[in-house]
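Data block below; observations after.
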Amino acid sequence: MFRLISRILLCASLLVGGLTVSAGGVFAADAGERIGTVKKIAGPAEARRTSGVVKLKIGDGILPHDRLVTGDGGAVGVTLIDDTVLSLGPNSDMIMDEFAYAPLDNNLALSTQMLKGALVFVSGRIAHLAPDKVTVRTPDAVIGIRGTRFAIRADD
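Take 11 as the starting number for the sequence shown in our numbering and just add one per residue.
Below you can see the structure in the form of structure tokens.
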């Protein structure tokens with residue numbers, strides 16, 4: 011009974027957040043589906059997509075495989091649908107390589123590639139449910155997420 015109530019509450023809370031729920035869980039990894047939302051912005055910041063370049067503003071969606079780029083004095087704060095928070099500082103360049111959030115199907119993944127700049131990462135539900143499925147690659151290292159927050163700087 012407790013398991014059923016937990017699933018109902020999980021599905022209800024996800025629906026309130028604007029996500030799609032199937033019998034198997036939440037999904038949001040198709041190329042055109044929003045995996046996150048821009049919550050804060052300062053200065054120049056854009057998302058580079060196969061469909062073109064989008065100048066970011068608060069409320070814009072982040073899609074799988076977006077390349078997030080900030081300019082001089084630019085910064086962007088993004089919250090993913092699993093409540094992971096990504097904050098990029100000035101002159102940063104990061105690619106959202108992989109994202110899957112379907113906890114009821116045990117389909118969880120979050121992989122980013124930090125090409126340059128500064129990133130503050132605060133883990134969400136994917137890292138809590140499956141820490142081995144969350145990675146951040148930098149030019150010099152791959153970070154497996156085992157904690158809840160960290161900051162990195164990747165130089166050119």
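Glycine residues also receive a C-beta, built at the ideal position from the N, C-alpha and C atoms.
- Of the residues D103, Q123, L96, R135, the one whose Cα lies closest to the Cα of F160 is L96.
- Between the alpha carbons of L114 and L139 lies a gap of roughly 11 Å.
- By the Cβ criterion, the stretch 87-95 is in contact with the stretch 47-67, since at least three pairs of Cβ atoms, one from each stretch, lie closer than 8 Å.
- Excluding residues up to 5 positions away in sequence, T80, L98, G99, P100, N101, S102, D103, M104, R163, A164 lie with their Cβ nearer than 8 Å to the Cβ of G127 in the same chain.
- Within the stretch 76-153, the complete alpha helix (DSSP H) segments of 4 residues or longer fall at 135-139, listed in chain order.
- Under the three-state reduction of DSSP, G69 is assigned to coil, being neither helix nor strand.
- Under the criterion of beta carbons closer than 8 Å, T94 and S121 do not qualify as touching, at roughly 12 Å.
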